[in-house]
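Numbering (this note's numbering), first residue to last: 15 to 474. Some notes on the structure that comes next.
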Amino acid sequence: MERRCLPSAPFKKILIANRGEIALRVICAAKDLGISTVAVYSEADRYGLHVRFADEAICIGPAKSARSYLDIPSIISAAEITNVDAIHPGYGFLSENARFAEVCETSGLKFIGPQPVVIELMGVKEKARARMKASGVPILPGSDGVIKSPDEALATAEAIGFPVILKASAGGGGRGMRVVNSAGELPALLTQAQQEAGATFGSADVYIEKFIRGPRHIEFQVLADQQGNVEILGERECSIQRRHQKLLEESPSPALKPEIRCRVAQKLKDAMAEVGYTNAGTVEFLMDESGDLYFIEVNARIQVEHPVTEAVTGVDLVKSQILIAAGESLRSILISPVTARGHAIECRINAENPETFAPSAGRITGLNLPGGIGVRVDTAAYTDCVIPPYYDSLVAKLITHGAGRAEAIHRMKRALDMFIVEGIHTSIPLHKKILADADFQTGKFDTNFIQRFLPPEKHT
Ligand code: MV4
15 MERRCLPSAP
25 FKKILIANRG
35 EIALRVICAA
45 KDLGISTVAV
55 YSEADRYGLH
65 VRFADEAICI
75 GPAKSARSYL
85 DIPSIISAAE
95 ITNVDAIHPG
105 YGFLSENARF
115 AEVCETSGLK
125 FIGPQPVVIE
135 LMGVKEKARA
145 RMKASGVPIL
155 PGSDGVIKSP
165 DEALATAEAI
175 GFPVILKASA
185 GGGGRGMRVV
195 NSAGELPALL
205 TQAQQEAGAT
215 FGSADVYIEK
225 FIRGPRHIEF
235 QVLADQQGNV
245 EILGERECSI
255 QRRHQKLLEE
265 SPSPALKPEI
275 RCRVAQKLKD
285 AMAEVGYTNA
295 GTVEFLMDES
305 GDLYFIEVNA
315 RIQVEHPVTE
325 AVTGVDLVKS
335 QILIAAGESL
345 RSILISPVTA
355 RGHAIECRIN
365 AENPETFAPS
375 AGRITGLNLP
385 GGIGVRVDTA
395 AYTDCVIPPY
405 YDSLVAKLIT
415 HGAGRAEAIH
425 RMKRALDMFI
435 VEGIHTSIPL
445 HKKILADADF
455 QTGKFDTNFI
465 QRFLPPEKHT
């Protein structure tokens, strides 16, 4: 459990460079610490709750993110005008932009996240992979860094055995990947992957890994302070995804063996200390059918699904981020050893058409948020609010906690039945189907699970 309050506020005022539920989440943490808040907003978000609940709010530009939530000069100007001490980037937008973190620091504003050089390192996937390997974190067999020639690619693939996967060094989140099933396909797919990587990320660098069919996606939550202390706050099971968009997450994973959790967490602790990681971060792994974990990438930010970890550990991760950025030690932030209690599940309630998954922007004409014991709702929605078409489609996160997985599922079903959103389509019906599924209930699923709920042509 982390310390509840401080004798004096670590910062006087922070700016939140984000919108929606995560901006509100950061405002809550700041209020709990006695810190004043500044919201920034686009013209589409004038009536957003982050604007209403922050102490001050500044319009930074038009609806399109490139001219508002991604506009570094506008955000830095807002921070200077309001005289804030620090900036919290939330997730998405500028949260993993090393240049933004750098500009904050050179402008005398504390960036609430890792050091710019560490964000940069984690963004180059094959470098992050090499650093994790060097610290003893298990990785999949693959190339030693970037592929330099088609011959080298072929030799590496033959050595590790097909199928293999080509991944963009600057990619992540599933973009710029190619699965290669045989030597004959390799040259053409390598060219494709390199071209796509160059066009999408500005770097044509590609590396190879052994391809795991039907893996589970399991990620570990990390907190690290500026004194070199690292804590691992358990893991989240994130296998229920569609097109690399997570739909439902839980903690702990119903599939992770305790010995593997313990061994990987220990290695990770050392690895994150060795790279000089600070603040909150997530380390993603794939699990193969034997239950072993293999590192894939690091997300240098707070994640959407952080509340499931908060539910089982009782640690306020966003408050911890602010305190770490202010120079507080984890030894003072986490006043007793972190332990996990019970089980938590999060359902992402998206504004989308249940058949086509197309975004369903518009006005919410009726809204009932569920509550009761073991239920948390993180949202910036209210009756008559408008979900704009410009940003991601997350309307609310519904999190339930129970003594065990069965109770968390039961509470989730109850809460979904009491969750009413009128005026737009949402993913609530899909979540009800997932929760009613026998394999979901027994915990037997992988990253292909969601396909059975989709029309065949929608498979990816
Ligand atoms: C893989 C993989 C199989 N083998 N790497 C997709 C997102 C990106 N972070 C990594 N991804 C994958 N990497 C190897 N060596 C399968 C995926 C993958 C996936 C991973 C996690 C969750 C959902 C996924 C859906 C399709 C593919």
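The beta-carbon is built from N, C-alpha and C at its ideal position, and this holds for glycine as well.
Helix, strand or coil at residue i [DSSP, three-state]
i, result
"Val409", "strand"
"Asp239", "coil"
"Leu331", "helix"
"Met136", "helix"
"Phe25", "coil"
"Ser79", "helix"
"Thr474", "In this prediction, Thr474 scores a pLDDT of 47, lower than 50, which makes its location untrustworthy; the coordinate-derived value is nonetheless stated afterwards. In the structure shown, Thr474 sits in coil (DSSP, three-state: anything other than H, G, I, E or B)."
"Asp392", "strand"
"Gly248", "strand"
"Phe463", "helix"
"Phe125", "strand"
"Phe215", "helix"
"Arg230", "strand"
"Met301", "strand"
"Ile387", "coil"
"Leu468", "coil"
"Ala31", "coil"
"Leu262", "strand"
"Gln255", "strand"
"Ala182", "strand"
"Lys147", "helix"
"Pro373", "strand"
"Ser56", "strand"
"Cys399", "coil"
Exposure label - residue i; buried when at least 16 CB within 10 Å
i, result
"Asn293", "buried"
"Gly482", "Only positions 15 to 474 of the chain appear in this structure, which leaves residue 482 out of reach."
"Gly187", "exposed"
"Glu94", "exposed"
"Val193", "exposed"
"Ile39", "It is worth fixing the name first, because residue 39 is Arg in this sequence and not Ile. Buried, by the Cβ-count rule."
"Cys276", "exposed"
"Ala417", "exposed"
"Ile387", "exposed"
"Ile222", "buried"
"Thr440", "buried"
"Val132", "buried"
"Glu342", "buried"
"His546", "The chain is shown from 15 up to 474; residue 546 falls before or after that span and cannot be answered."
"Arg66", "exposed"
"Thr370", "exposed"
"Met432", "exposed"
"Thr474", "Because Thr474 sits at a pLDDT of 47, beneath the cut-off of 50, its placement in the model cannot be relied upon, and the following sentence gives the value as read from the coordinates. With fewer than 16 other Cβ atoms within 10 Å, it is exposed."
"Lys477", "In this structure the chain extends from 15 to 474, so residue 477 is not present and cannot be described."
"Gly457", "exposed"
Nearest neighbour of residue i, chosen from the options [CA to CA]
i, options, result
"Gly356", "Phe433, Leu348, Pro384 and Ser265", "Ser265"
"Arg33", "His445, Ile434, Leu331 and Val409", "Val409"
"Tyr61", "Cys399, Phe433 and Lys447", "Cys399"
"Arg189", "Phe176, Thr205 and Glu210", "Glu210"
"Ala304", "Asp460, Thr51 and Gly416", "The residue you asked about is not Ala; residue 304 is Ser in the sequence shown. Looking at the Cα atoms, Asp460 is the closest of the given residues."
"Phe176", "Val332, Gly159, Ser183 and Ala197", "Ala197"
"Ile89", "Ala218, Ile30 and Met146", "Ile30"
"Phe107", "Lys26, Gly159, Val54 and Arg145", "Val54"
"Asp302", "Thr393, Val322, Ile28 and Ile274", "Ile274"
"Arg256", "Pro24, Ile36 and Phe463", "Phe463"
"Ile254", "Phe125, Glu360, Val117 and Tyr83", "Glu360"
"Ala372", "Ser346, Glu134 and Ile438", "Ile438"
"Asp306", "Tyr291, Pro272 and Val318", "Pro272"
"Gly376", "Ala395, Leu261 and Val178", "Ala395"
"Ile478", "Asp69, Ala71, Arg145 and Ala77", "Nothing can be reported for residue 478: it is not among the residues displayed for the chain, which extend from 15 to 474."
"Leu63", "Ala269, Ile226 and Ile41", "Ile41"
"Val318", "Pro469, Gln259, Ala287 and Asn195", "Gln259"
"Ile232", "Ser217, Ile226 and Glu249", "Glu249"
"Arg390", "Asn195, Met136, Thr323 and Ile413", "Ile413"
"Val5", "Ala58, Ala44, Asp59 and Ala68", "Here the chain covers residues 15 to 474 and nothing more, so residue 5 does not appear."
"Ile36", "Pro403, Leu468 and Thr393", "Thr393"
Interface flag, residue i vs chain B, CB-CB below 7 angstroms
i, result
"Val193", "No chain B is present in this structure, which holds just one protein chain."
Say whether the segment 420–432 touches the segment 366–374, bearing in mind that this needs 3 or more beta-carbon pairs closer than 8 angstroms, one atom from each stretch. At 8 angstroms Cβ cutoff, the stretches do not touch.
State whether the segment 374–383 contacts the segment 324–339, with contact taken as three or more CB pairs (one from each stretch) at a distance under 8 angstroms. Touching, no.
If we count Cβ pairs, one from each stretch, closer than 8 angstroms, do we get three or more for the segment 239–251 versus the segment 282–299? For the pair of segments examined, the segment 239–251 was found to touch the segment 282–299: the number of CB pairs separated by less than 8 angstroms reaches three.
Does the structure place the segment 423–437 close enough to the segment 345–356 that three or more beta carbon pairs sit under 8 angstroms? No contact exists between the segment 345–356 and the segment 423–437.
Would you call the segment 295–302 and the segment 310–319 touching, i.e. three or more CB-CB distances under 8 angstroms? Because the criterion of three Cβ pairs below 8 angstroms is met, the segment 295–302 and the segment 310–319 touch.
Is the segment 177–186 close to the segment 134–151, with three or more CB pairs under 8 angstroms? Taking 8 angstroms as the limit for Cβ pairs, the verdict is that the segment 134–151 does touch the segment 177–186.
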